[in-house]
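Asks: Just so we're on the same page, our numbering is the position in the sequence shown counted from 1, plus 14. Quick one: this structure, given as structure tokens, is what I'll be asking you about.
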Amino acid sequence: TRKVLSRIPEAKSDYKHEPKSRTARELAWLIVLEELFLIDGLEKGAFDWVEKSAPVTMQEVLAIFDAHHDDITQRMKSTPSSTWEATVPFLFQGQEVMRVTGLQSCWGTLFDQVHHRGQLTTYLRPMGSTVPQIYGPSADEP
15 TRKVLSRIPE AKSDYKHEPK SRTARELAWL IVLEELFLID GLEKGAFDWV EKSAPVTMQE
75 VLAIFDAHHD DITQRMKSTP SSTWEATVPF LFQGQEVMRV TGLQSCWGTL FDQVHHRGQL
135 TTYLRPMGST VPQIYGPSAD EP
């Protein structure tokens, strides 16, 4: 994920392939927010999604990712199984939209991050960048 985010050219981070889409920077920020959201929800016992505007630069997005990713990973690893198994409400704009286990929320968030990372890879070449290896070799990297 870090490799994909780092390939977004600063000068073209507002690229989007059509008007309804998010910009590359907004997609990158969404991935970062989802990591922060997931660990926060697990630790608090409730997932409360709040949209936050993307930082102005990709440098800021990457700095926030870098500042938190390793810590989030460690906190996830040390989360007790009871937390993963507990039913946790998911709130959006103050309204509960679903209630599933912490593990189900984690999988859902992971799948959403993978989806948005895939979207970003389709933006990279049109922005003049290259696609890094994700699941194996890419046409841009042997």
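Cβ atoms here follow ideal geometry from the backbone N, Cα and C, with glycine treated the same way. Predicted model, so just to flag it, every value in this text is computed and none were measured.
The alpha helix (DSSP H) that contains R139, what's its start and end?
Replies: Run containing R139: none; DSSP gives neither H nor E here.
Asks: Is E110 helix, strand or coil by DSSP?
Replies: Three-state result, E110: strand.
Asks: Please name the residue, chosen from E155, T123, I148 and V70, that lies closest to R3 on a Cα-to-Cα basis.
Replies: This structure does not reach residue 3, given that the chain is present from 15 up to 156, and the question cannot be answered.
Asks: Could you tell me the alpha carbon to alpha carbon distance between H82 and G108, rounded to whole angstroms?
Replies: One C-alpha to the other measures close to 26 Å.
Asks: Do V75 and A42 count as a contact pair if the criterion is CB distance below 8 Å?
Replies: Yes, the Cβ-Cβ distance between A42 and V75 is below 8 Å.
Asks: When the Cα of S96 is compared with those of K30, E57, P151 and V145, which residue comes out closest?
Replies: The shortest C-alpha separation from S96 is found at E57.
Asks: By the three-class DSSP mapping on this structure, what secondary structure does T71 have?
Replies: Coil, per DSSP.
Asks: Could you tell me if V46 is buried or exposed, where buried requires 16 or more neighbouring beta carbons within 10 angstroms of its beta carbon?
Replies: Classification for V46: buried.
Asks: Going straight from the alpha carbon of T87 to that of D80, what length do you get?
Replies: For T87 and D80, the distance between alpha carbons rounds to 12 Å.
Asks: Indicate whether L105 and F51 have their beta-carbon atoms separated by less than 8 Å.
Replies: Cβ distance not < 8 Å, so L105 and F51 don't count as in contact.
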